[in-house]
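Residue numbers 177 to 376, in the working numbering, belong to the letters of the sequence shown in order.
Below is one structure, written out as structure tokens; the observations come after it.
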Amino acid sequence: SNAGFSGTIPPQLGNLSALEYLDLGNKAEGFSYWISRHSLSTKSLWWATCLSSLKHLDLSKVYLGEARDWLEALNKLRFLTSLTLNSCGIYSFPHIAHLNFTSLTSLDLGGNEFDSTIPLWLFNLTSLVHLDLSGNRFFGPMVPNNLQHWTSLSYLDLSYNQFNTSLPDPLFTLNNLVYMDLTYNQIQRSEEHTSELQSQ
Numbered sequence: 177s178n179a180g181f182s183g184t185i186p187p188q189l190g191n192l193s194a195l196e197y198l199d200l201g202n203k204a205e206g207f208s209y210w211i212s213r214h215s216l217s218t219k220s221l222w223w224a225t226c227l228s229s230l231k232h233l234d235l236s237k238v239y240l241g242e243a244r245d246w247l248e249a250l251n252k253l254r255f256l257t258s259l260t261l262n263s264c265g266i267y268s269f270p271h272i273a274h275l276n277f278t279s280l281t282s283l284d285l286g287g288n289e290f291d292s293t294i295p296l297w298l299f300n301l302t303s304l305v306h307l308d309l310s311g312n313r314f315f316g317p318m319v320p321n322n323l324q325h326w327t328s329l330s331y332l333d334l335s336y337n338q339f340n341t342s343l344p345d346p347l348f349t350l351n352n353l354v355y356m357d358l359t360y361n362q363i364q365r366s367e368e369h370t371s372e373l374q375s376q
């Protein structure tokens with residue numbers, strides 16, 4: 177990470193089939209929304225499907241706006257436990273029929289350009305401990321009722337989105353939650369939930 181590489185990620189990286197940890201991310205502070213700020217890019221992540229042993233992948237600020245196969249490709253990495261795609265210029269969730277990377281404990285999709293509701297497949301990641309969806313344009317219900325499937329979640333960042341509903345009841349069933357950030361949304365006030373938060 178922060179190595180100063182630029183250009184297209186060479187697909188030959190996929191030949192490293194025993195690789196468990198790959199970090200090509202840029203850890204500079206702040207969100208990168210403009211393509212010109214991304215030094216590395218790739219039009220396809222299919223090369224990553226050969227990294228069958230991969231457990232940790234960080235592509236922060238790698239431009240993936242043209243990699244329409246990003247979700248399909250990463251879904252083949254069934255041993256993946258940590259995935260960071262912060263500020264990658266991703267704007268849509270392709271359809272996914274079956275979820276394979278259910279071992280994920282950490283998922284960071286912050287600082288992208290999603291303009292949708294939260295995809296339902298996220299709630300099938302029942303091993304999640306850390307989830308960052310901040311700095312997007314998620315709207316609609318903050319989370320559906322199957323939020324309680326995230327029983328291991330301790331970190332949740334939904335800040336800087338466009339949620340405009342009240343706090344969902346299942347949110348208060350996450351007993352392991354230590355950090356939660358909902359700032360810069362349009363959360364509707366609920367007296368019942370306000371008093372419950374103050375008591376916790």
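Ideal Cβ placement from N, Cα and C applies to all residues, glycine included.
All figures in this text were calculated on a predicted structure; none of them were measured in a lab.
Closest in C-alpha terms to N337, from the list Q362, I266, L353, S229, comes Q362.
Within the model, the alpha-carbon separation for F299 versus H232 is close to 20 Å. Scanning G311, N251, S263 for the CA closest to the CA of H274 turns up N251. Listed in chain order, the non-local C-beta contacts of S258 below 6 Å within the same chain comprise H232, S282, local neighbours out to five positions each way being set aside. Per DSSP, L250 is one residue of the alpha helix (DSSP H) stretching across 246 to 250. Note: M356 is bridge-paired with L332 in the DSSP secondary-structure output.
In this structure, W326 and T302 form a Cβ contact; the two beta carbons are roughly 7 Å apart against a cut-off of 8 Å. Going by DSSP, H232 is part of the beta strand (DSSP E) stretching over 232 to 234.
In this structure, L221 keeps its C-beta atom at 8 Å or more from the C-beta atom of L256. Per the coordinates, the alpha-carbon of L329 lies some 27 Å from the alpha-carbon of T225. Taking the Cα positions, P317 is about 24 Å away from C264. In this structure L334 touches L309 by the C-beta definition: roughly 6 Å separates them, less than 8 Å. Residues T218, K219, S220, L221 of the same chain have their beta carbon placed closer than 7 Å to that of A243, with the five preceding and five following residues left out of the count. Nearest Cα to L198 within the set D284, N288, T349, D234: D234. Listed as beta-bridge partners of S217 by DSSP are T184, Y239.
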